[in-house]
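Participant:
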Amino acid sequence: MVEQAGTGPRRHGARSVGAVRAERIPGRQPFRPVRRDRRSCGLEGAGRSELLESLFGERPVSAGTVSVRGESFEPKNARAAIDAGVAYLPPDRKGRGLVLSMSIRGNASMVGTLARKRWMRPAVGREQDLIGKLVTQTRLRMKSPRAPVGTLSGGNQQKVSLGKWLADDKHILLLDEPTRGVDVGAKMEIHALLREVADAGAAVLVSSSENEELLGVCDRILVMARRRVVAEVSAGEATLGLVTRLSREGAHEPVD
1 MVEQAGTGPR RHGARSVGAV RAERIPGRQP FRPVRRDRRS CGLEGAGRSE
51 LLESLFGERP VSAGTVSVRG ESFEPKNARA AIDAGVAYLP PDRKGRGLVL
101 SMSIRGNASM VGTLARKRWM RPAVGREQDL IGKLVTQTRL RMKSPRAPVG
151 TLSGGNQQKV SLGKWLADDK HILLLDEPTR GVDVGAKMEI HALLREVADA
201 GAAVLVSSSE NEELLGVCDR ILVMARRRVV AEVSAGEATL GLVTRLSREG
251 AHEPVD
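Sequential numbering from 1 applies to the sequence shown in the UniProt record's numbering.
As structure tokens, this is what we get:
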């Protein structure tokens, strides 16, 4: 269970999340994406990426609280978040998600390396297990795990970037633009993978600028604008027109 609440003032019924500031809205459930695929959308600069970075300990939190499975969760850095079982997929896989010159096997082992205080190469057996899980879970297409990850197609690179977290059995996934720059086939496979992960019990929070993508895979959509959650729409009532309109209206809504 992941729950987010805050003490800051509410503005026009929205929750301010510029630095993860939120509060429970009367009559609504708190942020609990267990066994759910919940997504945030909004225009560029809406605060979607900043929210995920804050939850992963990469951005300081000025107010509000987050609890995981009933316990307070205040990651001071990325290593603390990883130790707590949190995964983070950045929007730029080539700049932040992968080391393109490193082997596929090396990238797959990166999560364990980040969690340690000093670099130590995992045992060969451990690396083989990670590669096996990566290939099985993501349907990764590669010639050899020793090949540089930069030699893969964009879709397969993204599978490695995402799969390294899944192979490490993280139970909270923060995914920023998980299908950016991939072909249609890879996008469909990633969508199917996210559903499988959510059905298995992981909490999945995805930030996406593609409203069409949200409608096919999400359980609930949180619309963000100007660093605030301005609307919440269930999958049953969401339409492309509605989500787009809410994003635009929120961007022009006056702030007290």
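By construction, the Cβ of each residue, glycine as well, lies at the ideal position given by its N, Cα and C atoms.
(1) What does Ala231 pair with, by DSSP beta-bridge criteria?
(2) Using a Cβ-Cβ cut-off of 8 Å (strictly less than) and excluding sequence neighbours within five positions of Pro178, which residues of its own chain qualify?
(3) Report yes if the CB atom of Ala238 is closer than 8 Å to the CB atom of Leu215, and no otherwise.
(4) Looking at the secondary structure, which residues open and close the beta strand (DSSP E) in which Val182 lies?
(5) Figure out for me which residue from Val233, Arg180, Leu246 has the closest Cα to the Cα of Lys94.
(6) Can you tell me the Cα-Cα spacing of Ala203 and Met224, whole angstroms?
(7) With a threshold of 7 Å on Cβ separation, who are the neighbours of Leu130 within its own chain once the five nearest residues in sequence on each side are excluded?
(8) Once you ignore the five residues that flank Val182 on each side, which residues in its own chain have a CB closer than 6 Å to its CB?
(9) Could you please give me the residues that DSSP links to Val86 through a beta bridge?
(10) Could you tell me which of Val229, Trp165, Lys76 sits nearest to Phe56, measuring between CA atoms?
(11) Under a Cβ-count criterion, where at least 16 other Cβ atoms within 10 Å of its own Cβ denotes burial, should Leu240 be classed as buried or exposed?
(12) Does DSSP classify Leu240 as helix, strand or coil?
(13) Examine the Cβ distances between the stretch 96-108 and the stretch 139-147 and report whether three or more of them are shorter than 8 Å.
Facilitator: In short:
(1) Beta-bridge pairing links Ala231 to Val223.
(2) In the same chain as Pro178, and ignoring 5 residues on each side of it, the C-beta atoms closer than 8 Å to its own belong to Leu89, Gln158, Leu162, Ile190, Leu194, Val206, Ser208, in chain order.
(3) The Cβ atoms of Ala238 and Leu215 sit closer than 8 Å to each other.
(4) Per DSSP, Val182 belongs to no beta strand (DSSP E) and is neither H nor E.
(5) Distance from the Cα of Lys94 is smallest, within the candidate group Val233, Arg180, Leu246, for Arg180.
(6) Roughly 19 Å separates the two Cα atoms.
(7) The residues are Ala108, Ser109, Ala167.
(8) Contacts found: Gly154, Gly155, Gln158.
(9) BP columns for Val86 point to Ile172.
(10) Nearest option by C-alpha distance: Lys76.
(11) Note on Leu240: under 16 other CB atoms within 10 angstroms of its CB, so exposed under the neighbour-count rule.
(12) Shown here, Leu240 sits in a helix according to DSSP, grouped into three states.
(13) Yes: the two stretches touch, three or more of their Cβ pairs being nearer than 8 Å.
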